[in-house]
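Taking our numbering, the leading residue of the sequence shown gets 39, the next gets one more, and so forth.
A short worksheet on the structure shown next.
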Amino acid sequence: MRQPRLLSRLFPRNHCRGLQQHAVSNDLKSPPPKAKQWDPWKSPFTWVVAFIPIFTFGLGTWQVRRLSWKNDVVRQAEQELEKEPIVLPDHIDLASLSPYRQIVTQGSWLHVYSLFLGPRKYGSTNGYHLLTPLARKSPTSPQASTILVNRGFVSDMTALAVEMDASRFSQRLGEDGIIEIRGMISPPFVPSLFTPENNPEKGEWIWTDIPALVERSGGQDEDVQGVLVDVTFEGGPGDASALIGGGKPVGRHPSVVFRNQHASYALTWYSLSLGTSILLVHLLRRKPPTALRKF
């Protein structure tokens with residue numbers, strides 16, 4: 039095909055052919071484009087997955103330490119429970135008393151300050167815990183303080199009878215006048231975020247708020263100390279049923295009760311740490327996405 043005259047003058051045929059050959063040779067000499075490198079660490083998701091095993095492993099280790107601490111607390115409480123009961127002094131040094139320490143003391147009930155903690159259940163029976171202050175003053179101990187006593191579980195029907203006339207209830211039990219009680223120092227209750235609030239104005243007490251109970255029981259006017267004693271009961275299920283049916287309180291069994299699930303918590307965190315570690319290794323070893331492999 040002949041070039042137009044004007045083009046042939048400007049671009050001779052030999053010159054055009056040389057330009058074409060030079061372009062082809064340059065294309066052959068230029069290196070191919072480099073493929074993009076797949077770097078999983080550039081993804082925020084990889085950093086999140088890498089952080090989870092470290093975080094959960096730390097939580098598991100923390101739970102192991104909590105388990106060791108809780109076992110020490112249980113061991114100390116069991117040692118206190120195995121000691122011989124002590125007679126409470128007139129004025130009690132609160133710092134010297136340990137939870138679960140068994141005690142013996144005497145006094146008379148202040149029925150006017152009786153209240154119910156609950157609701158509670160004993161087996162399949164609904165009811166409450168009956169709490170009554172014990173005034174320990176006597177001719178032989180005129181300076182003895184008043185303490186709080188959890189007398190034990192009573193059924194709904196018994197609670198109604200106590201509300202109607204607490205003093206008659208104690209007379210029926212043979213607990214009028216000076217009595218002797220045996221029990222143990224109650225461990226402190228630590229409310230959680232889900233524990234309902236007490237409502238003293240309505241007479242609703244869900245948990246043992248010691249400072250509030252001291253004020254409710256007469257405070258300084260009655261020389262009440264912030265000591266809560268749980269009356270103990272060592273009978274069997276049949277004996278407990280007989281007491282409940284007879285309208286009598288059933289005390290607490292003298293044993294150490296602690297919520298201790300730190301071992302299961304540690305196992306859960308360590309398992310999660312292992313699982314996410316495997317996920318991280320799989321994420322780092324996987325092939326790049328298809329879109330990058332085509333480059």
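We put the beta carbon where it would ideally sit given N, CA and C, even for glycine.
Integer Cβ distance of residue i from residue j, believed to fall under 8 Å
{"i": "G264", "j": "I248", "result": "5 Å"}
{"i": "V288", "j": "E116", "result": "Rounded, the Cβ-Cβ distance is 23 Å, inconsistent with contact."}
{"i": "V267", "j": "I217", "result": "With a Cβ gap of about 13 Å, V267 and I217 do not count as contacting."}
{"i": "T246", "j": "L155", "result": "7 Å"}
{"i": "G276", "j": "T196", "result": "Wrong, their Cβ atoms sit about 18 Å apart, outside the cutoff."}
{"i": "N236", "j": "A250", "result": "7 Å"}
For residue i: DSSP bridge partner residues
{"i": "I244", "result": "Paired residue(s): none; I244 is not in a bridge."}
{"i": "M195", "result": "Its beta-bridge partners do not exist; DSSP assigns none."}
{"i": "E218", "result": "Q144"}
{"i": "L172", "result": "W147 and I185"}
{"i": "T270", "result": "R290"}
{"i": "S179", "result": "S176"}
{"i": "T163", "result": "Y160"}
{"i": "N237", "result": "E242"}
{"i": "I223", "result": "V267"}
{"i": "V262", "result": "T184"}
{"i": "G190", "result": "L168"}
Rounded straight-line distance, which links the Cα of residue j to that of residue i
{"i": "F333", "j": "I90", "result": "Low per-residue confidence applies at F333: pLDDT is 45, beneath 50, and the placement is therefore not dependable enough to give any value."}
{"i": "G313", "j": "F83", "result": "16 Å"}
{"i": "P123", "j": "V187", "result": "16 Å"}
{"i": "S255", "j": "D261", "result": "10 Å"}
{"i": "T306", "j": "V102", "result": "11 Å"}
{"i": "V111", "j": "V269", "result": "22 Å"}
{"i": "P137", "j": "W107", "result": "16 Å"}
{"i": "Y160", "j": "P234", "result": "20 Å"}
{"i": "L322", "j": "P78", "result": "6 Å"}
{"i": "R331", "j": "A88", "result": "Confidence in R331 is poor, its pLDDT being 49 and thus under 50, which makes the residue's placement unreliable; the coordinate value appears in the next sentence. If you take the alpha carbons of R331 and A88, they lie about 25 Å apart."}
{"i": "A329", "j": "G96", "result": "Below a pLDDT of 50, predicted positions are generally treated as unreliable, and A329, at 48, falls in that range; the measurement from the model is reported next regardless. The straight-line gap from Cα to Cα measures roughly 38 Å."}
{"i": "P127", "j": "A182", "result": "7 Å"}
{"i": "P226", "j": "H167", "result": "16 Å"}
{"i": "T99", "j": "S162", "result": "39 Å"}
{"i": "L172", "j": "V192", "result": "18 Å"}
{"i": "E239", "j": "V228", "result": "22 Å"}
{"i": "H320", "j": "S309", "result": "17 Å"}
{"i": "V252", "j": "L169", "result": "12 Å"}
{"i": "K121", "j": "R139", "result": "7 Å"}
{"i": "Q25", "j": "Q258", "result": "In the structure displayed, the chain extends from 39 to 333; residue 25 sits before or after that span and is not available."}
{"i": "F296", "j": "K80", "result": "48 Å"}
{"i": "L317", "j": "S230", "result": "35 Å"}
{"i": "R104", "j": "Y303", "result": "10 Å"}
{"i": "H291", "j": "T178", "result": "31 Å"}
{"i": "L45", "j": "R324", "result": "In this prediction, L45 scores a pLDDT of 48, lower than 50, which makes its location untrustworthy; the coordinate-derived value is nonetheless stated afterwards. The straight-line gap from Cα to Cα measures roughly 58 Å."}
{"i": "E118", "j": "S176", "result": "29 Å"}
{"i": "F207", "j": "L153", "result": "13 Å"}
{"i": "I282", "j": "G215", "result": "23 Å"}
{"i": "F165", "j": "P157", "result": "The amino acid occupying residue 165 in the given sequence is Gly; Phe does not appear at that position. If I take the Cα positions, the gap works out to 6 Å."}
{"i": "F271", "j": "S279", "result": "12 Å"}
{"i": "Q209", "j": "N109", "result": "43 Å"}
{"i": "F93", "j": "E213", "result": "58 Å"}
{"i": "L274", "j": "R113", "result": "Going by the sequence as given, residue 274 is Gly instead of Leu. If you take the alpha carbons of G274 and R113, they lie about 25 Å apart."}
{"i": "V337", "j": "D194", "result": "For the chain, the structure presents residues 39 to 333; residue 337 sits outside this window and is missing."}
{"i": "P180", "j": "E242", "result": "33 Å"}
{"i": "V125", "j": "S311", "result": "52 Å"}
{"i": "S315", "j": "A301", "result": "21 Å"}
{"i": "R174", "j": "F232", "result": "36 Å"}
Residue i Cβ short of 6 Å to the ligand SAM heavy atom set
{"i": "E239", "result": "Only the bare structure without any ligand can be found here, which leaves the ligand SAM out of the picture."}
Minimum Cβ-Cβ distance from residue i to chain D less than 7 Å
{"i": "V288", "result": "Absent here is chain D; the protein component of the structure consists of one chain."}
Item to check | Within the segment 101–160, ranges of the beta strand (DSSP E) (whole runs, at least 3 residues) | outcome: Listed in chain order, they are 140–147 and 153–160.
Checklist entry - When the Cβ atoms of the segment 132–150 are set against those of the segment 217–231, are three or more pairs found closer than 8 Å? => result The segment 132–150, when compared against the segment 217–231, does touch it at the 8 Å Cβ threshold.
Checklist entry - Taking three-plus beta-carbon pairs below 8 Å as touching, is the segment 198–212 in contact with the segment 145–165? => result Counting Cβ pairs under 8 Å, three or more are found: they touch.
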